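Since the structure comes first, as structure tokens, the remarks are kept for the end.
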DNA sequence: GTGATGCGTTGCAGTTTGTGCAACGATCAT
DNA sequence: ATGATCGTTGCACAAACTGCAACGCATCAC
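Chains as they are written, first to last, in my numbering: chain E, 2 to 254; chain A, 2 to 254.
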């Protein structure tokens with residue numbers, strides 16, 4: 002909507018790929034060098050880009066700080082955290098919390114496994130949306146037309162033989178998840194890793210977040226992990242209750 | 002330098018404080034609502050702000066993703082990480098990696114303590130610059146005029162009785178750190194936490210990052226922690242060697 | 001040492017683009 | 001129903017952004 006701002010912001014993902022000099026930025030934006038310079042300067046003043054010693058630009062420190070603050074302002078996260086820790090203390094496995102936001106699912110909290118073999122993931126990283134158990138729960142709750150349109154726009158990478166292959170299969174899976182009220186990922190992302198997940202609902206019943214417990218095969222089998230389902234669901238329900246009970250942002254209908 | 006972009010970017014820190022509606026954003030920017038709307042829309046299209054269900058705006062998901070990518074592009078981090086892990090395996094304490102960037106020092110990597118009592122910190126969070134051992138090393142290496150000007154612009158909060166009280170004291174401490182080539186923070190930030198830190202240097206000898214080992218008093222005394230200094234320095238030197246050896250960004254003079 | 005090339009930077013004139021206004025519509029409370 | 005509040009839209013004006021061309025300053029070749 003605003004050309005200048007639009008151009009300026011387009012610089013950020015561009016620099017996310019790696020440092021670039023003025024000329025490269027100008028070229029990829031399709032603008033004159035002097036224009037690119039002014040945009041970069043403005044970004045620089047706000048700390049979003051940094052000029053390294055070889056004069057090239059890269060993403061700046063303020064970005065971390067902003068992402069940091071943004072994270073800490075998510076109220077679900079704050080409420081959920083102690084519950085996640087408690088669950089981790091009981092079962093010992095990695096516990097994740099994730100939310101959906103405009104086509105993406107991302108982890109917003111994580112409590113590390115106490116076993117030596119750990120799963121790779123990082124807070125803020127987008128989730129493998131077509132296979133992750135938390136993603137299924139979050140997408141399953143979208144209104145039908147949006148769910149459909151999202152599902153059709155997605156890529157379906159075959160991480161493993163058990164990965165969701167295409168949109169119809171995904172939509173069927175979502176329907177199932179929606180009905181049963183919980184979800185799993187049995188080796189759909191990494192051959193040896195399984196997850197069970199449960200939804201966290203707001204006062205109006207809509208899913209606002211999802212949580213999961215993940216563990217590699219070498220620690221517990223998929224069947225053993227499934228025995229944790231009641232615990233996971235109970236924890237998610239506890240969080241739902243607390244979230245609906247006393248949040249200043251949303252109110253009951 | 003570019004008014005429009007400047008205004009748009011000013012919205013981000015504003016939203017970092019918490020969600021806000023259109024009117025609030027317009028007021029705090031000192032512009033008309035319609036202007037604020039257009040800026041917010043542009044930010045929205047780039048995923049930097051998100052419109053929550055109550056119509057208020059808050060920081061968006063793309064911000065996490067960007068911060069994430071930015072982080073992964075820091076080559077020092079990549080090189081240092083395995084060394085940090087190895088050090089952590091030997092001593093068990095929390096290991097941090099930090100860099101300096103335009104007036105701020107921030108953690109860019111962390112390996113958690115294996116002891117139950119852990120220190121609070123988070124990657125991306127700005128460091129308590131006047132007391133942290135890593136900050137001392139990074140600032141001590143700045144050219145004299147910049148060091149001085151930075152030191153004079155800082156606040157000197159008295160976290161504890163041992164916190165650096167003011168600029169002259171800080172500059173003296175930096176001089177000392179500069180000469181000895183390592184630094185400590187003995188209860189200057191949290192009464193019960195001590196750190197020892199060592200610098201990581203590029204091919205030209207300038208300090209590009211700093212690493213530290215931290216532990217609370219209840220686990221090891223300050224004296225015991227200091228016995229780790231040789232290990233910390235050796236690790237830092239190893240990283241320096243590897244960083245200077247094969248980096249495509251900088252070259253030896 | 002000298003000229004050439006490449007890059008970032010600056011001042012300027014033209015005009016695209018962003019701005020504020022005012023009016024509209026939706027939502028909610030009274 | 002009625003009024004208030006807030007987000008949204010179209011429009012005319014002018015401010016702000018753009019691209020150009022020229023400059024300074026490196027590095028590099030010869």
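Using N, Cα and C, we set each Cβ at its ideal position, and we do this for glycine too. Small disclaimer: the values here were computed from a predicted structure and weren't measured.
Asked	Found
Using a cut-off of 7 angstroms between C-beta atoms, extract the partners of residue 126 of chain A located in chain E.	69
Per DSSP, what kind of secondary structure is residue 131 of chain E in: helix, strand or coil?	coil
If you draw a straight line from the C-alpha of residue 210 of chain E to the C-alpha of residue 140 of chain E, how long is it?	10 angstroms
Using only the alpha-carbon positions, how far apart do residue 213 of chain A and residue 96 of chain A sit?	6 angstroms
Leaving out five residues before and five after residue 193 of chain A in sequence, what residues of the same chain have Cβ atoms less than 8 angstroms from its Cβ?	217, 218, 219
Which of helix, strand or coil does DSSP assign to residue 166 of chain E?	coil
Compute the Euclidean distance between the alpha carbons of residue 176 of chain E and residue 22 of chain E, then round it to the nearest angstrom.	49 angstroms
Closest Cβ-Cβ distance between residue 73 of chain E and chain A: below 7 angstroms?	no
Check distances from the C-beta atoms of the stretch 2-13 of chain A to those of chain E and list, in chain order, the residues that come in under 7 angstroms.	2, 3, 5, 6, 7, 9, 10, 13
Kindly indicate which three-state DSSP category residue 154 of chain A falls into: helix, strand or coil?	helix
What is the residue span of the beta strand (DSSP E) that residue 49 of chain E lies within?	Note, residue 49 of chain E: premise wrong, no beta strand (DSSP E); not H, not E.
In or out: residue 1 of chain A buried (at least 16 other Cβ within 10 Å) or exposed?	Residue 1 of chain A is absent from the model: chain A starts at 2 and stops at 254.
Could you tell me which of A/196, A/166, A/244, A/5 sits nearest to residue 265 of chain A, measuring between CA atoms?	Lying outside 2 to 254, the shown extent of chain A, residue 265 of chain A is not represented and no answer is given.
Compare the C-beta of residue 235 of chain A against all C-beta atoms of chain E and say whether one is closer than 7 angstroms.	no
So, does the stretch 54-68 of chain E touch the stretch 55-65 of chain A, judging by three or more C-beta pairs under 8 angstroms?	yes
Tell whether a beta-carbon distance below 7 angstroms holds between residue 105 of chain E and residue 83 of chain E.	no
Using 8 angstroms as the cut-off, can you tell me whether the stretch 35-51 of chain E makes contact with the stretch 4-19 of chain A, which would need three or more C-beta pairs spanning the two stretches below that distance?	yes
Any beta carbon of chain E sitting closer than 7 angstroms to that of residue 42 of chain A?	yes
Which same chain residues, not among the five before or five after residue 2 of chain E, have their C-beta less than 7 angstroms away from its C-beta?	none
Using DSSP's beta-bridge definition, name the partner residues of residue 159 of chain A.	In the DSSP output, where bridge partners are listed per residue, residue 159 of chain A has none listed.
Report yes or no: do the stretch 228-242 of chain E and the stretch 21-36 of chain A share at least 3 C-beta pairs separated by less than 8 angstroms?	no
Could you please give me the residues that DSSP links to residue 101 of chain E through a beta bridge?	E/106
Just checking: is the beta-carbon of residue 204 of chain E within a distance shorter than 7 angstroms of some beta-carbon in chain A?	no
So is residue 253 of chain A in contact with chain E if we call contact Cβ pairs under 7 angstroms?	For residue 253 of chain A, the pLDDT reaches just 31, beneath the cut-off of 50, and the residue's location in the model is therefore unreliable, leaving the point undetermined.
Which residue from A/91, A/138, A/87 puts its Cα closest to that of residue 107 of chain A?	A/138
Please confirm whether residue 64 of chain E and residue 49 of chain E have their CB atoms less than 7 angstroms apart.	yes
Can you tell which of A/199, A/163, A/170, A/161 has the C-alpha that lies nearest to the C-alpha of residue 149 of chain A?	A/170
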